[in-house]
Amino acid sequence: MGESQKILIVDDDADIREVLNIQLKSAGYQVFQAANGKEAVDIVSENRDIDLVILDVMMPEMSGVEACTEIRRISSVPVLFLTAKSKESDKEEAYDNGGDDYLVKPFSRAELMMKVKSLLRRYVVYRGKQDIRPEDTDGSVIQIRDILVNRETHRLMRDNQPVNITGTEYQIFMYLLENRGKAQSAQQIYEHVWGEKFMPSSAGTIMVHILNLRRKLETDPNNPVIIRTVWGRGYQIDEA
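Residue 451 is where the sequence shown starts when you use our numbering, and the numbers rise one by one after that.
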């Protein structure tokens with residue numbers, strides 16, 4: 451699968467781009483490169499089949515966060531942020547602006563490849579690259595209050611307007627939907643969606659994604675009725 455998947459590396463440091471280029475090409479991926487955020491947005495616009503963007507946060511002119519916001523206007527491609535910062539607030543800013551995951555410099559090749567494979571695996575499912583069997587199309591549209599979910603196209607609509615959510619947000623939402631009426635802990639959500647072992651720091655990642663989903667789906671995000679918090683147990687979408 452790796453040979454057909456396309457990855458865009460965005461970093462103003464040519465040495466870092468070259469190291470990532472060598473590592474990813476040796477793993478069988480096709481690699482594009484951009485030296486700044488504007489270049490990255492242009493490349494994604496022209497190459498809608500890019501499967502992953504690896505995006506440095508700190509860049510001159512257009513930052514990685516600003517570039518991600520622009521990319522999100524045109525694509526749901528997963529974005530892996532690279533940063534020298536590891537504070538929770540920096541992580542939240544990345545997720546708030548459409549990032550899917552986060553890697554702190556310096557990182558090992560093993561860490562990078564684990565994140566890359568995880569994001570690509572999830573995006574294949576999200577984009578529906580897998581064949582849809584005829585029997586799967588029945589009941590493909592589900593309604594939860596004023597939200598319509600199309601499981602074939604992986605799109606959400608609210609008041610006949612599309613809801614702009616990332617692949618990660620969609621998969622979290624669908625996991626909760628598949629377990630309606632049962633609270634799911636941060637650990638259960640993380641291990642199902644990320645496919646990785648849950649660490650204490652992962653709870654914050656889930657919380658930020660849930661907050662983002664509520665901002666996009668709830669009439670009053672401070673008093674959520676679609677994705678409820680069940681204290682001490684996790685998050686839940688109710689049966690009715």
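Glycine is no exception: its CB is placed at the ideal position from the N, C-alpha and C atoms. A quick note: this is a predicted structure, and the numbers were derived from the prediction, not measured.
Which residues share a DSSP beta bridge with residue i?
i, result
"Phe531", "Leu505 and Tyr552"
"Asn600", "Val591 and Arg605"
"Gly654", "Bridge partners of Gly654: none, in fact."
"Ile459", "Gln483 and Ile504"
"Val643", "Partner(s): none; Val643 has no beta bridge."
"Tyr545", "In the DSSP output, where bridge partners are listed per residue, Tyr545 has none listed."
On the premise that residue j lies in contact with residue i, defined as a C-beta separation below 8 Å, what is that separation, rounded to the nearest angstrom?
i, j, result
"Val566", "Leu502", "6 Å"
"Glu511", "Lys488", "7 Å"
Taking the straight line between their C-alpha atoms, what separation do you get for residue i and residue j?
i, j, result
"Val494", "Met624", "26 Å"
"Asp499", "Lys456", "7 Å"
"Ser513", "Tyr552", "15 Å"
"Arg601", "Ser590", "5 Å"
"Asp609", "Gln473", "45 Å"
"Asp586", "Leu470", "Low per-residue confidence applies at Asp586: pLDDT is 43, beneath 50, and the placement is therefore not dependable, though the value from the model is reported in the following sentence. Those two C-alpha atoms are separated by around 39 Å."
"Gln483", "Ala517", "14 Å"
"Gly578", "Ala485", "Annotation note: pLDDT 49 at Gly578 (below 50); position unreliable, coordinate value reported separately. So the two alpha carbons sit approximately 31 Å from each other."
"Ile622", "Arg467", "31 Å"
"Val481", "Pro612", "31 Å"
"Glu496", "Glu520", "14 Å"
"Arg664", "Ala477", "37 Å"
"His659", "Gly631", "20 Å"
"Ala636", "Asp506", "27 Å"
On the three-state DSSP scale, how would you describe residue i?
i, result
"Arg572", "helix"
"Val675", "coil"
Quick one: complete alpha helix (DSSP H) runs, 4+ long, within the stretch 465-518? 487-496
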